[in-house]
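Input: a single structure, listed below in structure tokens.
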Amino acid sequence: MKTQSALAVAALAAALAATARGEFEFDLGADLRIRQELMKNVPGLPGGGWLSTAKSGPFRNQLRFRPDVWFELKASSETMGEWRIFTKLTDEFRWNPEPKVDTTTFPCELILDNLFIEGKGVFDGFLDLRIGRQNLYNYCGLDHIFVDGTPGDGSRTCYADMAAFTFHFTEDSKLDLFALYNTDDCDVRWGTDRSRHTHLTGLGRGGDRDEWGYGAIWSSKLSDNLPYQIFAMEKGSTTFWVDDVRYPWTRRALLGARIDPRLDEEWSLQLEAMGQCGRDGDGHTLCGGFGYAAVKWKSAREGIRPFGSLGLMFMSGDDEVKSAPAGCTAWDPMWYRGANDSEIFLYGTHYAVGWWSNMYHLKLAAGLDISRGHNFLAYTGPVFAAAQDGLGGGDGMFKGLLSVLRYEFPILLADRDKGERLEIFGHLYAEFFNPGDYYETSRPAWFLRWQIMFKF
């Protein structure tokens, strides 16, 4: 963090010096997220780590409060582009009626969520850059690789300590380079003895597993209707211990491609293929594969626009995972460890927190894009294991049927032309999972949430 801070300060000084004759602007704001989550029979032991038997989980009821405060300073000039320094402080405290827990109650802990320096349009538009602690979500549009750098943080944060550079060669072609290092323990925090001081990248029960990575992503078009991406990257993790069990360091290189053919104004495809190869500190060879294919439709009509998709996602598994804890042929999700596809599996996974792997997931989705901040989404589909690793406790490959309903709605919208800032949004979310013969439990699992978000 000291090196990161020094880089950020140096970059800011350079930016401000270069824009000394430009315009400066200071801004600040805040938001407050309030949500209640209820769940029952989530398969697996939430936070239990690898090799946990997937049994029905207990009933949980939690109210979560997450206030954020952010500040930014902008500077711009005609010759050096636009620059800004941005920082955000975050806390999250909870009230847990069931089970009763007092380690996350107010004031819990205040952490440094974001601190980065950003430059856009540098060298006459050739270079964009961002250096420092920043959100990782959907970096470069690769939503099956980059989701959450802090999966153990329970959606309180999703940052990575990262340097990212974008080189624009043509209007349609660019090269993104990145490097990141995330520690398992937030190194800039202010808390109490009762604050959770959570492990960010470990197995949910501790572990102090640090992660690093770097890579390159080339984005371009073969034609106006045929954008594509080719990418290569490497991810590594340090050796760590959980309950006197040693987990060796790992290194995995990834090579992949994505193509998004646009058939017409309404129909499109999404095709992805990735492969991994690496090793760990115990001498195991690590390899895995990922594939995704989807057909998508969205109405081109004005007003309320219906949309839908049908997709199949594959992640390789390992039937010898119990003898090789990392999984020698199981897919490493890289930083794809969020709740994009399921809240139940995020809480109940038995590989690690948010550790998506060993699955075929067929998903049929439909929804309505109604207006700004106002939409409805529903999807359902079966989930199968790619390999019988035995962690579910059952004797089959069918993990179960997963179904989700989500409704997002605005309560108060700001009129930007009048300088208004206050906005209030909400959503309702329901998830149902009927387990198959992969699990030893047959009890259906469910997850419910309501959320209200205030932005100031």
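Counting from 1, position 409 in the sequence shown corresponds to residue 508 in the numbering used here; the numbering is continuous, with no gaps.
Built from N, CA and C at the ideal position, the CB exists for glycine as well.
This one's a predicted model, so the numbers in the text were calculated from it and none came from an experiment.
*Y280 to N439, Cα distance in whole Å?*
Their backbone Cα atoms lie some 23 Å apart in a straight line.
*List in chain order: all unbroken beta strand (DSSP E) runs of 3+ residues lying wholly within the stretch 457-511.*
Runs found: 458-470, 473-483, 497-511.
_In this structure, how does DSSP classify E442 when only helix, strand and coil are distinguished?_
Three-state result, E442: helix.
*asked:* Please tell me whether R520 has its Cβ less than 9 Å away from any Cβ of chain C.
replied: Protein chains in the displayed structure number just one, and chain C is not present.
*Validate contact between the stretch 409-418 and the stretch 483-499 using beta carbons, cut 8 Å, 3 pairs*: In this structure the stretch 409-418 lies against the stretch 483-499, because at least three pairs of beta carbons, one per stretch, are closer than 8 Å.
*Buried or exposed (CB count within 10 angstroms, at least 16 for buried), A174*: A174 should be labelled buried.
_Quick check on the DSSP output: what are the complete beta strand (DSSP E) runs of length 3 or more inside the stretch 353-432, in order along the chain?_
Taken in chain order, the whole beta strand (DSSP E) runs of length 3 or more contained in the stretch 353-432 are 366-379, 384-397, 404-414.
*Nearest-angstrom Cα separation, counted from L274 out to Q550*: Computed Cα separation, rounded: 37 Å.
*For W317: DSSP bridge partner residues*: For W317, which the question treats as bridged, DSSP gives the partners L274, I329.
*Are there 16 or more other CB atoms within 10 angstroms of the CB of D363, so buried, or fewer, so exposed?*
Result: exposed.
*Hey, could you find the ends of the alpha helix (DSSP H) G44 is sitting in?*
Outside the shown range of the chain, which is 100 to 555, sits residue 44, and nothing can be said about it.
*By the 10 Å Cβ neighbour count, where 16 or more other Cβ atoms means buried, how is I403 classified, buried or exposed?*
It counts as exposed.
*Label F268 either buried or exposed according to how many other C-beta atoms from any shown protein chain fall within 10 Å of its C-beta, with 16 as the threshold for buried.*
Exposed, because fewer than 16 other Cβ atoms sit within 10 Å of the Cβ of F268.
*List the DSSP bridge partners of M261.*
Bridge partners of M261: G231, L279.
*asked:* Which same chain residues end up closer than 7 Å to F555 when comparing Cβ atoms and leaving out the 5 residues on each side of it in sequence?
replied: For F555, the CB contacts under 7 Å within the same chain, skipping 5 residues up- and downstream, are G128, A129, D130, R520, L521 in chain order.
*Could you pull the start and end residues of the beta strand (DSSP E) that F215 belongs to?*
208-220 is the span of the beta strand (DSSP E), which, as asked, contains F215.
_W455 versus E177: straight-line alpha-carbon distance, rounded_ = When the Cα atoms are used, W455 and E177 turn out to be separated by approximately 45 Å.
*asked:* If you measure between the beta carbons of A278 and Y327, is that distance less than 9 Å?
replied: No, these two residues do not count as a Cβ contact at 9 Å.
*Determine which residues share a DSSP beta bridge with P182 and list them.*
According to the sequence shown, residue 182 is Trp rather than Pro. As a beta-bridge residue in DSSP terms, W182 pairs with A174, G218.
*Just reading off the beta strand (DSSP E) that H243 is part of, what are its end residues?*
Bounds of any beta strand (DSSP E) do not take in H243, whose DSSP letter is neither H nor E.
_Taking the alpha carbon of V126 as the reference point, which residue from A259, I358, I184, W545 has its own alpha carbon closest?_
The sequence given here has Asp at residue 126, not Val. Of the candidates A259, I358, I184, W545, the residue whose Cα lies closest to the Cα of D126 is I184.
*Candidates R471, N457, L476: which alpha carbon is nearest A465's?*
Comparing C-alpha distances from A465 to each of R471, N457, L476 shows the shortest one belongs to L476.
_Residues of its chain near P405, where Cβ-Cβ distance is below 6 Å and the 5 sequence neighbours each way are ignored_ = So the list reads S398, L467, once near-sequence residues are dropped.
*Nearest-angstrom Cα distance between G146 and Y450?*
For G146, the predicted model reports a pLDDT of 41, less than 50, meaning its position is unreliable and no value from the coordinates is stated.
_Buried or exposed (CB count within 10 angstroms, at least 16 for buried), E197_ = Classification for E197: exposed.
*Enumerate in chain order the residues of its own chain whose CB-to-CB distance from T81 is below 7 Å, with the five nearest sequence positions on each side excluded.*
Absent from the structure is residue 81, since the part of the chain shown begins at 100 and ends at 555.
*Backbone secondary structure at R515 - three-state DSSP*: Here R515 sits in helix by DSSP.
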